[in-house]
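**Q** Take this structure first; my questions come after.
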Amino acid sequence: MTAHPEVPGRLGNEANPAGVRDQNDTTPRPHERNGQFALRCGASSADWPPIQPGGRVESLAERQAGLVAALTAGARVPEGFDGRLVEIARVALLRKRAGEVAKQWPLLAASMRTEWMREFMDWAAARPTQGSLRDGWDLARDLAARGALPALAGEELATREATSHYDGHTAPRARRAPAVRRAAGTVVVQIAGIVRILRRA
Amino acid sequence: MSEVTTTTSYGVGIGWRPEIAGFVAGLPGLRFAEVVAESVHAHGDLPPGLPALLERGVTVVPHGVRLSLGGAEPVEAARLEHFAAVARRLNAPLVSEHIAFVRAGGVEAGHLLPLPRSHEAVDAVVANVKLVQSALDVPIALEPIAAVFDWPDDELDEAAFLTEILDRTGALLLLDVANVYANARNRGTDPLELLDRLPLDRVAYVHVAGGAEHDGIYHDTHTDAVPQPVLELITALCERHRPPALMLERDGDYPPAAALREELDAIAKAAGYPTVT
Numbered sequence: 002m003t004a005h006p007e008v009p010g011r012l013g014n015e016a017n018p019a020g021v022r023d024q025n026d027t028t029p030r031p032h033e034r035n036g037q038f039a040l041r042c043g044a045s046s047a048d049w050p051p052i053q054p055g056g057r058v059e060s061l062a063e064r065q066a067g068l069v070a071a072l073t074a075g076a077r078v079p080e081g082f083d084g085r086l087v088e089i090a091r092v093a094l095l096r097k098r099a100g101e102v103a104k105q106w107p108l109l110a111a112s113m114r115t116e117w118m119r120e121f122m123d124w125a126a127a128r129p130t131q132g133s134l135r136d137g138w139d140l141a142r143d144l145a146a147r148g149a150l151p152a153l154a155g156e157e158l159a160t161r162e163a164t165s166h167y168d169g170h171t172a173p174r175a176r177r178a179p180a181v182r183r184a185a186g187t188v189v190v191q192i193a194g195i196v197r198i199l200r201r202a
Numbered sequence: 542m543s544e545v546t547t548t549t550s551y552g553v554g555i556g557w558r559p560e561i562a563g564f565v566a567g568l569p570g571l572r573f574a575e576v577v578a579e580s581v582h583a584h585g586d587l588p589p590g591l592p593a594l595l596e597r598g599v600t601v602v603p604h605g606v607r608l609s610l611g612g613a614e615p616v617e618a619a620r621l622e623h624f625a626a627v628a629r630r631l632n633a634p635l636v637s638e639h640i641a642f643v644r645a646g647g648v649e650a651g652h653l654l655p656l657p658r659s660h661e662a663v664d665a666v667v668a669n670v671k672l673v674q675s676a677l678d679v680p681i682a683l684e685p686i687a688a689v690f691d692w693p694d695d696e697l698d699e700a701a702f703l704t705e706i707l708d709r710t711g712a713l714l715l716l717d718v719a720n721v722y723a724n725a726r727n728r729g730t731d732p733l734e735l736l737d738r739l740p741l742d743r744v745a746y747v748h749v750a751g752g753a754e755h756d757g758i759y760h761d762t763h764t765d766a767v768p769q770p771v772l773e774l775i776t777a778l779c780e781r782h783r784p785p786a787l788m789l790e791r792d793g794d795y796p797p798a799a800a801l802r803e804e805l806d807a808i809a810k811a812a813g814y815p816t817v818t
């Protein structure tokens, strides 16, 4: 993992104890039926591969999607995985994202000081990344909407809003027309790409 | 693609990043660098500092991080087109990507994720690598990643998984000794055992990076110093088969230039290559 991990914010995934199985259930596992045995089958691999309702084995695409959802969108850790390790990876990923967003939105991150990491990780935990530019933009707008955007970050957001059009769903585009935007008390005007701060919070 | 072997020896290189462009430009002996392919425009201006490196004859290899070669879906055409265009633009003798997936079900993971070491996953990687090879004029080297967790249904061990992918695609190997170290340490296996079972004659180049341990897990952070055991692994690798190039990957918390130079010198010493600093 190329992410800087520190102490995880949340530990373990208790909602899904991996590989728990009724000891009396003797139904052959799919890998037994196929005559294939996992090389690294710890206690947690007894339920593998997962079977869909109706008896169909999950495809690689479905299993990859399940894992990504667990890591980025707050979904349950898929059957058989080591929940502790997936949680460590999940937190490391969030920390890496926070660092990347802080690079794109330095005033947003700096204005929250020591709260930045916690604030971002709480916000991002169930929101898969849209890229660090949009992640920071979405977070700044959310904070502004609930009156929690610090003044310094307001300057950064208002400047971005005045120079680019961002619909919240697709990549931001540079504005051609002049624009006046405000955020957290700062008012910014952009004319022909030149930005002036009209009023600071 | 037919069998490809690398003959040019580049020695010690470095991952080019905008933050250390000045440092990289000041390395007198540098002949090899790597740039993140997605950070380079296919047709617009190159990042400042990169043209000067190319002009002085430094070989710059594009390193893809978002093709998702291990994804169950085919590599996206636009990403592949960009990757191939960047390779041509840099006049690169080879390109590289990972044996990993980075998105699924339309959701970006934001990171390189491990694959199950299954025959189904091998098939997925092989299909995508062949697709990429058909768009490229140069060979591709594939990099096994560091993973904090494994899938529960591995049918193959790591060496067999990698070897099968390389055999079926004819691709080269980009061996990351820091990943080898991290995985072995976290899984409690012997990194030398893996080296002994990999086709080391297929190594195009080698990544070296630092990491740190948290909560009992060693993380391949690229933001910490290269630990001594990773340097020792370089020496062990070179005793078996010295790769044509080894390069330092640093992706943040950049230390002073003197510390980066020391790391490059340590890699050179461990591999028996001349220093580039």
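Each protein sequence line maps, in turn, to chains A and B.
Okay, so the first sequence: first residue is 2 according to my numbering, each after it adds one.
Okay, so the second sequence: first residue is 542 according to my numbering, each after it adds one.
For glycine and all other residues, C-beta sits at the position ideal for the given N, C-alpha and C.
Note that the structure is predicted; figures quoted are calculated from it, not measured.
1. Classify alanine 127 of chain A as helix, strand or coil using the three-state DSSP reduction.
2. Taking the beta strand (DSSP E) that leucine 94 of chain A falls in, what are its first and last residues?
3. Taking only beta-carbon positions, decide if valine 689 of chain B is within less than 8 Å of chain A.
4. Contact criterion: CB-CB distance below 8 Å. Does proline 732 of chain B meet it with respect to chain A?
5. Should histidine 652 of chain B be flagged as near chain A, meaning a C-beta pair shorter than 8 Å?
6. Determine the direct distance from the alpha carbon of arginine 644 of chain B to that of proline 141 of chain A, and round the result to whole angstroms.
7. Indicate whether at least one CB of chain B lies closer than 8 Å to the CB of phenylalanine 82 of chain A.
8. Along chain B, in chain order, which residues have C-beta atoms closer than 8 Å to that of serine 165 of chain A?
9. Determine whether the beta carbon atoms of glycine 605 of chain B and glutamate 638 of chain B lie at a separation below 8 Å.
10. Among residues of its own chain, excluding the 5 on either side of leucine 40 of chain A, which ones have a beta-carbon nearer than 8 Å to its beta-carbon?
11. Once DSSP output is grouped into helix, strand and coil, what is the label at glycine 155 of chain A?
12. Tell me which residues of the region 753 to 771 of chain B have at least one Cβ-Cβ distance to chain A shorter than 7 Å, keeping chain order.
13. Determine the direct distance from the alpha carbon of tryptophan 117 of chain A to that of alanine 641 of chain B, and round the result to whole angstroms.
14. By the 10 Å Cβ neighbour count, where 16 or more other Cβ atoms means buried, how is leucine 199 of chain A classified, buried or exposed?
15. DSSP three-state call for serine 609 of chain B: helix, strand or coil?
16. Below 7 Å CB to CB, which residues in the same chain sit around alanine 193 of chain A once its five sequence neighbours on both sides are set aside?
17. Alpha helix (DSSP H) containing histidine 660 of chain B: first to last residue?
18. So with CB distances below 7 Å, who are the chain B contacts of glycine 169 of chain A?
19. Less than 8 Å between CB atoms is the rule here; does phenylalanine 642 of chain B satisfy it with respect to chain A?
20. Give a yes or no on contact between the region 728 to 740 of chain B and the region 693 to 704 of chain B, applying the rule of three or more CB pairs nearer than 8 Å.
21. Take asparagine 720 of chain B and list the residues in its own chain whose beta-carbon comes closer than 7 Å to its own, dropping the five residues that flank it on each side.
22. By Cβ distance below 8 Å, which residues in the same chain neighbour valine 689 of chain B in space, the five residues on each side in sequence not counted?
23. Going straight from the alpha carbon of proline 619 of chain B to that of glutamate 579 of chain B, what length do you get?
24. Quick one: residues in its chain with C-beta nearer than 6 Å to the C-beta of alanine 786 of chain B, no 5 flanking neighbours on either side, listed in chain order?
25. Determine whether the beta carbon atoms of alanine 812 of chain B and arginine 783 of chain B lie at a separation below 8 Å.
26. Which chain A residues are close to alanine 613 of chain B, counting only those with a beta carbon under 7 Å from its beta carbon?
27. Give, in chain order, every unbroken run of the alpha helix (DSSP H) that is at least 4 residues long and sits entirely within the region 762 to 798 of chain B.
28. Suppose you measure from the CA of glycine 100 of chain A to the CA of leucine 595 of chain B; what does that come to, to the nearest Å?
29. Taking all protein chains shown into account, do 16 or more other C-beta atoms lie within 10 angstroms of the C-beta of glutamate 622 of chain B, making it buried, or fewer, making it exposed?
30. What's the C-alpha gap between threonine 130 of chain A and leucine 713 of chain B?
31. Apply the 10 Å Cβ neighbour rule to isoleucine 659 of chain B and answer buried if 16 or more other Cβ atoms are within range, or exposed otherwise.
**A** Looking at the atomic coordinates:
1. Counting from 1 along the first sequence, the entry for residue 127 of chain A is found at position 126. In the structure shown, alanine 127 of chain A sits in coil (DSSP, three-state: anything other than H, G, I, E or B).
2. The sequence position of residue 94 of chain A within the first sequence is 93, counting from 1. Leucine 94 of chain A -> not in any beta strand (DSSP E); alpha helix (DSSP H) instead, spanning 84 to 105.
3. One-based indexing of the second sequence puts residue 689 of chain B at position 148. Answer yes: the Cβ-Cβ gap between valine 689 of chain B and chain A drops below 8 Å somewhere.
4. Here the question's residue 732 of chain B lines up with position 191 in the second sequence. False, the Cβ-Cβ gap to chain A never drops below 8 Å.
5. Residue mapping note: residue 652 of chain B aligns to position 111 of the second sequence, counting from 1. Yes, histidine 652 of chain B counts as interfacial toward chain A.
6. Your numbering for residue 141 of chain A matches position 140 in the first sequence. Your numbering for residue 644 of chain B matches position 103 in the second sequence. Here residue 141 of chain A turns out to be alanine, not proline, going by the sequence shown. If you take the alpha carbons of alanine 141 of chain A and arginine 644 of chain B, they lie about 25 Å apart.
7. Residue 82 of chain A sits at position 81 when you count from the first residue of the first sequence. Chain B contact via Cβ: present.
8. Along the first sequence, one-based indexing puts residue 165 of chain A at 164. The contacting residues do not exist; serine 165 of chain A stays about 18 Å from chain B at best.
9. For this step, residue 605 of chain B is matched to residue 64 along the second sequence. For this step, residue 638 of chain B is matched to residue 97 along the second sequence. Yes, the pair counts as a contact, with Cβ atoms nearer than the cut-off.
10. Residue mapping note: residue 40 of chain A aligns to position 39 of the first sequence, counting from 1. Legend: pLDDT at leucine 40 of chain A = 32, less than 50; position of this residue unreliable, value from coordinates given subsequently. Within the same chain, leucine 40 of chain A has no close Cβ partners at all.
11. As a position in the first sequence, residue 155 of chain A is number 154, starting the count at 1. Helix, per DSSP.
12. His755, Asp756, Ile758, His760, Asp761, Thr762, His763 and Thr764
13. In the second sequence, counting from the first residue as 1, residue 641 of chain B sits at position 100. In the first sequence, counting from the first residue as 1, residue 117 of chain A sits at position 116. When rounded, the distance between both Cα atoms is 30 Å.
14. In the first sequence, the residue the question calls residue 199 of chain A occupies position 198. With fewer than 16 other Cβ atoms within 10 Å, it is exposed.
15. In the second sequence, counting from the first residue as 1, residue 609 of chain B sits at position 68. Three-state result, serine 609 of chain B: coil.
16. Within the first sequence, numbered from 1, the residue matching residue 193 of chain A stands at position 192. Within the same chain, alanine 193 of chain A has no close Cβ partners at all.
17. Mapped onto the second sequence, residue 660 of chain B falls at position 119. Histidine 660 of chain B -> alpha helix (DSSP H) spans 660 to 676.
18. Residue mapping note: residue 169 of chain A aligns to position 168 of the first sequence, counting from 1. Simply none; closest approach about 17 Å.
19. By one-based count along the second sequence, residue 642 of chain B stands at place 101. Yes, because at least one Cβ of chain A sits closer than 8 Å to the Cβ of phenylalanine 642 of chain B.
20. yes
21. Working through the second sequence from its first residue, we reach residue 720 of chain B at position 179. Pro685, Ile686, Ala687 and Asp761.
22. Translated into positions along the second sequence, residue 689 of chain B becomes position 148. So the list reads Asn727, Ile758 and His760, once near-sequence residues are dropped.
23. Position 78 of the second sequence, counted from the start, is the residue given in the question as residue 619 of chain B. Position 38 of the second sequence, counted from the start, is the residue given in the question as residue 579 of chain B. Checking the sequence shown, residue 619 of chain B turns out to be alanine, not proline. If I take the Cα positions, the gap works out to 12 Å.
24. Along the second sequence, read from residue 1 onward, the residue named residue 786 of chain B stands at position 245. For alanine 786 of chain B, where only same-chain residues beyond five positions count, the Cβ hits under 6 Å are Tyr551, Gly554, Phe573 and Tyr746.
25. Locating residue 812 of chain B in the second sequence gives position 271, counting from the first residue. Locating residue 783 of chain B in the second sequence gives position 242, counting from the first residue. Cβ atoms of alanine 812 of chain B and arginine 783 of chain B: closer than 8 Å.
26. Translated into positions along the second sequence, residue 613 of chain B becomes position 72. What alanine 613 of chain B touches in chain A: Ser60, Leu61, Ala62 and Gln65.
27. 769 to 781
28. Here the question's residue 100 of chain A lines up with position 99 in the first sequence. Here the question's residue 595 of chain B lines up with position 54 in the second sequence. Cα to Cα, the separation comes out at about 30 Å.
29. Here residue 622 of chain B refers to the residue found at position 81 of the second sequence. Burial call: exposed.
30. Position 129 of the first sequence, counted from the first residue, corresponds to residue 130 of chain A. Position 172 of the second sequence, counted from the first residue, corresponds to residue 713 of chain B. Taking the straight line joining both Cα atoms gives about 31 Å.
31. As a working mapping, residue 659 of chain B is identified with position 118 in the second sequence. A small correction: the amino acid at residue 659 of chain B is serine; isoleucine does not occupy that position in the sequence shown. Result: buried.
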